[in-house]
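Scroll down for the structure; my scribbles are underneath it.
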Amino acid sequence: MIKALIFDMDGTILNTIDDISTSINHAFTLKGYPNPTVDAVKMALGSGAIQLIERLAPKHLKKEEIRSLYETYQADYDVNNNNLTGPYPGIMDLLDYLKKQGYLLSVVSNKYEYLVKELNIKLFHNYFDVSIGDAPGIPIKPAPDMVYKALDLLKIHKDEALFIGDSDVDIFTAQNAGLKSVGVTWGFRDQKTLEACHADYIIHQPSELLKLLEGNPKS
């Protein structure tokens, strides 16, 4: 019996790529480095901001140069994370329906927690009962700790929740936490990636999640 749905944020419920790419281009341009392509940024996302910059930075950079590049990026993104960002088509209708049906909703992201909470308020009007992001003292995905924290705060068992995400990191997170996974193809990874990770379910539009829930009724 499914009582809760735990969503990844970037590439799953929010299309954040334009704001992220803009801030990356800002930082790389200031430092005199070539700007990464949007596709390169998409493929580098999923493991937090520091690893994002490490993956995109020119290979010859020293650690302190990468750190400076990251700090320049993060400072810009902190104030420009909501210029072009918005929910994917169908997401708000989905969340509204789920909320009215009594499902518990959570977001678990490798984005910094202060940004996760800020975007939950600004764009989702606190639809999510629990918002968890990268914060001191808790390992990020694909470690299961964030999911365990969400389950604890929601007061539900792992068998009562589904984890929904767009990347290999999300599928591995669900597997590590012992949850069934739902891979979505409208985000930053393709269907082949999700299949290779053995996602339990793969959906191509938000409304398809409702069909899955019909087979796993809340009550």
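Residues are numbered in the numbering used here as their position in the sequence shown, beginning at 1, plus a constant of 12. Idealized CB from N, CA, C, for every residue including glycine. Remember, predicted model here, so these are calculated numbers, not experimental data.
Under the three-state reduction of DSSP, residue 33 is assigned to helix. Considering only 202, 209, 207 and 17, the residue with the shortest C-alpha distance to residue 106 is 17. Taking 8 Å as the cut-off, the Cβ atoms of residue 59 and residue 142 do not count as close. Taking residue 46 as reference, the option from 76, 28, 25 and 81 with the minimal CA-CA separation is 81. By the CB criterion at 8 Å, residue 200 and residue 26 fall outside the cutoff. If you look at residue 45, you'll find it isn't in any beta strand (DSSP E); DSSP assigns it neither H nor E. Under the DSSP assignment, residue 19 falls in the beta strand (DSSP E) whose first and last residues are 16–19. Listed in chain order, the non-local C-beta contacts of residue 209 below 6 Å within the same chain comprise 180 and 183, local neighbours out to five positions each way being set aside.
A straight line joining the alpha-carbon of residue 204 with that of residue 113 spans about 32 Å. In the structure shown, residue 224 falls within a helical segment according to DSSP collapsed to helix, strand and coil. Taken through DSSP and simplified to helix, strand or coil, residue 173 comes out as strand. For residue 118, there is no enclosing alpha helix (DSSP H); the residue is part of the beta strand (DSSP E) that begins and ends at 116–124. Leaving aside the five residues that flank residue 138 on each side, the residues in its chain whose CB is nearer than 7 Å to its CB run, in chain order, 132.
According to the DSSP assignment, residue 161 belongs to the alpha helix (DSSP H) that extends over 157–166.
For residue 39, same chain residues with a beta-carbon under 7 Å away, outside a window of 5 residues either side, are 81, 84, 85 and 88 in chain order.
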